[in-house]
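S.K.: Before we start, here is the structure in question, set down as structure tokens.
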């Protein structure tokens, strides 16, 4: 705020252009000079184009530019002193390197043709050929034979032929680049463009500029493609090519960052499904990067030293009648072995964005791990429960806290209740009761829907109707936002972050407020419809939820698996097996893929297992799918100090947490072997959705 000439405070707005706050406020001289320069209508070469933004970054934008002859080109912008890389070079310096590289390669057909370079104001630009192509990453998502289990299907045979062509082209292109005496330096799926019709490829983003024998640090660090320590620049390029070729066949190659020995497993799987011709191409690339067996330098790893883990292939989940129980025991032992191994956490979790309750909540902290262990009939150390209580001491009454079911205090409170810590549970749930109005998002993860479920669950568990009344009031708030279309807080889909999770709140509310039951059920079904409206059916018949990057997601937190769980619960609760039958098979198809990138509950195989188990009543074939997926968990398992461990979604470190790591996988196995409703951090989830209604309970009391 800034005072005007009358002394009244007015907003000093922060916008990308200058706004004079109010009359009577003098502009500083430096601002006056800059503003006068800005207001001058100085012609630049940009005036010759009609420009449409393709991509923005701190370094500068990338634009589709149409000139006055209606010719299309690509403009790449560089801003001075911006976008400093690991070698302290700004965007202008890197643009100069790219201009040099494009000119060295302009007659090779493997890079965009350079047209001209110019400046507009202080910014630099390169005009280059517009490639009417897609990234290799995009091509992979559209063409990978996700559902081909038979090695001789036409789709798989065609895919084998295509990737042999692509791999050969990539290898030849990198040889051409190296003949210039320089490397590309940032090879990954997003920096290779492909024409889907001709299968020709082009490399883009030539900003590195190192010579072949350079040992200088790479300016770029695409996760999973970054070379081990000690590689020359030339070897680093070939290392990245080996990972690109592997990614065309195998989804979780990034696990090799934690376990280089896992690379052997990757190659074995590739040879089985994609043949010797392709594996020979991969071996040819490997021979050019002898450093490939080292440990990649991962700067974000919290430890000062790098730890190399080994693959864990000693268990076969289907080899013994009690195999799932045996694996659960191994997972439990592995979780206990990680206790206090990461500073500030009871058990290590995946790399997460900052959260006040990140170390203690259900999603990434102690509460989720202790809940999973408790439900697997493991004895919980009282010191661990005390650690969780100490972490939240003194914060429960703060109206600035996060009261989310998975992210905050309401979920921690329900876990405390389940562990017998009744005073702590009451303190946290009563705080949720008092402060839920501070929450502005709606979802199940940290929003009102999750808090509403927590209130209903706690009210049902303690027979305290006050929590029911507050949940009904909370429902009015969600209904107002839904009916007024104030839904900006729902930017994703799926169970945790989309409308499917909100549907579960309405279904639970219909159990305790019989008078408004029909309205709640309509809203529940409407929420599922809203998530379905944001799905897309791929050519392979899989229905996924679109994310902000236009990817089609199958997972529990944000994708098809979450929709399957919500629809399954609606069918059970409403006794209607026909609900959403038109969309059902395509959702099931998304959860029967042969490849998934991660192993965890929210975004990996564990969540797919849970969704398929929910769906098995209506789609018995999902049981067979789950048998295959259980075996595939072997490909994600690691050994550390002779214990079974799993990596987090980042593949930066091992994770014991609920959303990405061992606790989530343990939860999935509990769902498969013990209790369908163990998926939720609710001590009475079955009663919440399918038990006696409030009206039935009232009749029983009268009797």
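Residue numbers (the UniProt record's numbering): 1 to 703. Beta carbons: idealized from backbone N, C-alpha and C, even for Gly.
Just to confirm, are residue 449 and residue 442 a CB contact at a threshold of 7 Å?
M.R.: For the purposes of this step, residue 449 is identified with residue 449 of the chain shown, where counting begins at 1. For the purposes of this step, residue 442 is identified with residue 442 of the chain shown, where counting begins at 1. Yes. Within cutoff.
S.K.: If you check the beta carbons only, do residue 561 and residue 503 fall under 7 Å apart?
M.R.: For this step, residue 561 is matched to residue 561 along the chain shown. For this step, residue 503 is matched to residue 503 along the chain shown. No. Outside cutoff.
S.K.: Where does residue 121 land, buried or exposed, given buried means 16+ other C-beta within 10 angstroms?
M.R.: In the chain shown, counting from the first residue as 1, residue 121 sits at position 121. Its Cβ having fewer than 16 others within 10 Å, residue 121 is exposed.
S.K.: Flag this pair as yes or no: are the beta carbons of residue 647 and residue 255 separated by less than 7 Å?
M.R.: If you number the chain shown from 1, residue 647 lands on position 647. If you number the chain shown from 1, residue 255 lands on position 255. It is a contact, given that the beta carbons lie within the stated cut-off.
S.K.: Which same chain residues, not among the five before or five after residue 124, have their C-beta less than 6 Å away from its C-beta?
M.R.: Residue numbering aside, residue 124 sits at position 124 when the chain shown is read from its first letter. 78, 92 and 95.
S.K.: Going straight from the alpha carbon of residue 397 to that of residue 404, what length do you get?
M.R.: To locate residue 397, count along the chain shown from 1; it is residue 397. To locate residue 404, count along the chain shown from 1; it is residue 404. Because the pLDDT of residue 397 is 49, which lies under 50, any placement of that residue in the model is unreliable, and the number read from its coordinates should be weighed accordingly. Approximately 14 Å, taken between the alpha carbons.
S.K.: Considering just the uninterrupted stretch of the alpha helix (DSSP H) at residue 274, what are its terminal residues?
M.R.: Your numbering for residue 274 matches position 274 in the chain shown. Start and end: 262–286.
S.K.: At what residue ranges does the stretch 173–212 contain a whole run of the alpha helix (DSSP H), taking only runs of 4 or more?
M.R.: Within the stretch 173–212, no complete alpha helix (DSSP H) run reaches 4 residues.
S.K.: Quick one: what does DSSP say residue 2 is sitting in, helix, strand or coil?
M.R.: By 1-based counting over the chain shown, the position of residue 2 is 2. DSSP places residue 2 in strand when its eight states are reduced to three.
S.K.: I'd like to confirm the pairing. Which residues does DSSP put opposite residue 75 in its beta bridges?
M.R.: Translated into positions along the chain shown, residue 75 becomes position 75. 63 and 127.
S.K.: Looking at residue 543: is its Cβ nearer than 7 Å to the Cβ of residue 586?
M.R.: As a position in the chain shown, residue 543 is number 543, starting the count at 1. As a position in the chain shown, residue 586 is number 586, starting the count at 1. Going by C-beta atoms, residue 543 is nearer than 7 Å to residue 586.
S.K.: With a CB to CB cut of under 7 Å and the five nearest residues on each side skipped, what residues in its chain are close to residue 508?
M.R.: The residue you call residue 508 lines up with position 508 of the chain shown. Contacts found: 453, 456, 688 and 689.
S.K.: To which residues of the same chain is residue 133 closer than 7 Å at the C-beta, ignoring the five residues directly before and after it?
M.R.: Here residue 133 corresponds to residue number 133 of the chain shown, with the count starting at 1. Excluding sequence neighbours, residue 133 sits near 193, 194, 195 and 202.
S.K.: If you measure between the beta carbons of residue 309 and residue 259, is that distance less than 7 Å?
M.R.: As a position in the chain shown, residue 309 is number 309, starting the count at 1. As a position in the chain shown, residue 259 is number 259, starting the count at 1. Yes.
S.K.: Is it a yes or a no for the stretch 532–548 touching the stretch 478–485, going by three-plus beta-carbon pairs under 8 Å?
M.R.: With the cut-off at 8 Å, the stretch 532–548 and the stretch 478–485 do not touch.
S.K.: Would residue 328 pass as a contact of residue 376 if the rule is Cβ separation under 7 Å?
M.R.: Here residue 328 is taken as the residue at index 328 of the chain shown, counted from 1. Here residue 376 is taken as the residue at index 376 of the chain shown, counted from 1. Result yes, Cβ atoms of residue 328 and residue 376 sit closer than 7 Å.
S.K.: Per DSSP, residue 55 is paired with what?
M.R.: Here residue 55 refers to the residue found at position 55 of the chain shown. Residue 55 pairs with 62.
S.K.: As a quick exercise: from 498, 444, 515 and 424, pick the residue whose alpha carbon is nearest that of residue 469.
M.R.: The residue you call residue 469 lines up with position 469 of the chain shown. Looking at the Cα atoms, 515 is the closest of the given residues.
S.K.: Does the stretch 172–182 come into contact with the stretch 62–70, if we say contact requires no fewer than three beta-carbon pairs (one atom in each stretch) closer than 8 Å?
M.R.: No: the two stretches stay apart, fewer than three of their Cβ pairs being nearer than 8 Å.
S.K.: Is residue 556 closer than 7 Å to residue 633 when the C-beta atoms are compared?
M.R.: On the chain shown, residue 633 is found 633 positions in, with the first residue counted as 1. On the chain shown, residue 556 is found 556 positions in, with the first residue counted as 1. Contact: no.
S.K.: For residue 685, does the count of other Cβ atoms within 10 angstroms reach 16, so buried, or fall short, so exposed?
M.R.: Stepping through the chain shown from its first residue, residue 685 is reached at position 685. With 16 or more other Cβ atoms within 10 Å, it is buried.
S.K.: What do you get for residue 699, buried or exposed, if any count of 16 or more other CB atoms within 10 angstroms of its CB means buried?
M.R.: On the chain shown, residue 699 is found 699 positions in, with the first residue counted as 1. Reliability of the predicted coordinates at residue 699 is poor, the pLDDT of 41 falling under 50, and the value obtained from them is presented with this limitation in mind. Looking at its Cβ environment, which holds fewer than 16 other Cβ atoms inside 10 Å, residue 699 is exposed.
S.K.: Taking the C-alpha atoms as reference points, what is the distance between residue 213 and residue 115?
M.R.: As a working note, residue 213 is residue 213 in the chain shown. As a working note, residue 115 is residue 115 in the chain shown. Taking the straight line joining both Cα atoms gives about 30 Å.
S.K.: Whose C-beta lies closer than 6 Å to the C-beta of residue 18 among residues of the same chain, with five residues either side of it excluded?
M.R.: Residue numbering aside, residue 18 sits at position 18 when the chain shown is read from its first letter. If we look at residue 18 and ignore the five residues flanking it on each side, its Cβ neighbours are 35.
S.K.: Three-state secondary structure (DSSP) at residue 234?
M.R.: Residue mapping note: residue 234 aligns to position 234 of the chain shown, counting from 1. In this structure, residue 234 counts as helix in the three-state DSSP scheme.
S.K.: Mind checking which residues open and close the alpha helix (DSSP H) that includes residue 500?
M.R.: Walking along the chain shown from the start, residue 500 turns up at place 500. Here the alpha helix (DSSP H) through residue 500 covers 499–512.
S.K.: Got a sec? Which residues, its chain only, sit under 7 Å from residue 663 by beta carbon, not counting five neighbours each side?
M.R.: For this step, residue 663 is matched to residue 663 along the chain shown. These residues qualify, in order along the chain: 335, 368, 369, 372, 656 and 657.
S.K.: Mapping the DSSP letters down to three states, classify residue 356 as helix, strand or coil.
M.R.: Here residue 356 corresponds to residue number 356 of the chain shown, with the count starting at 1. Coil at residue 356, not helix or strand.
S.K.: Using the C-alpha atoms, what's the distance from residue 52 back to residue 666?
M.R.: Here residue 666 corresponds to residue number 666 of the chain shown, with the count starting at 1. Here residue 52 corresponds to residue number 52 of the chain shown, with the count starting at 1. Going from the Cα of residue 666 to the Cα of residue 52 covers about 48 Å.
S.K.: Can you tell me which of 534, 635, 46 and 362 puts its alpha carbon nearest to the alpha carbon of residue 251?
M.R.: For this step, residue 251 is matched to residue 251 along the chain shown. Checking every option, the nearest Cα to that of residue 251 belongs to 635.
S.K.: Please report the distance separating the alpha-carbon of residue 66 from that of residue 104.
M.R.: For the purposes of this step, residue 66 is taken as the residue at position 66 of the chain shown. For the purposes of this step, residue 104 is taken as the residue at position 104 of the chain shown. Residue 66 and residue 104: Cα-Cα distance of roughly 25 Å.
S.K.: Does the beta-carbon of residue 451 have 16 or more other beta-carbons within 10 angstroms, so that it is buried, or is it exposed?
M.R.: Mapped onto the chain shown, residue 451 falls at position 451. Result: buried.
S.K.: Quick check: the Cα distance between residue 245 and residue 222, rounded to an integer number of angstroms?
M.R.: Indexing the chain shown from 1 puts residue 245 at position 245. Indexing the chain shown from 1 puts residue 222 at position 222. Roughly 15 Å separates the two Cα atoms.
S.K.: Counting only the same chain and skipping the five closest in sequence on each side, list residues whose C-beta sits under 6 Å from that of residue 640.
M.R.: In the chain shown, counting from the first residue as 1, residue 640 sits at position 640. Closer than 6 Å at Cβ, skipping near neighbours: 309.
S.K.: Taking the continuous alpha helix (DSSP H) assigned at residue 537, which residues delimit it?
M.R.: In the chain shown, residue 537 corresponds to position 537, counting from 1. Run containing residue 537: none in the alpha helix (DSSP H); it sits in the beta strand (DSSP E), 535–537.
S.K.: Among all the DSSP beta bridges, which residues are the ones paired with residue 407?
M.R.: For this step, residue 407 is matched to residue 407 along the chain shown. DSSP, once it has assigned bridges, lists no residue as partnering residue 407.
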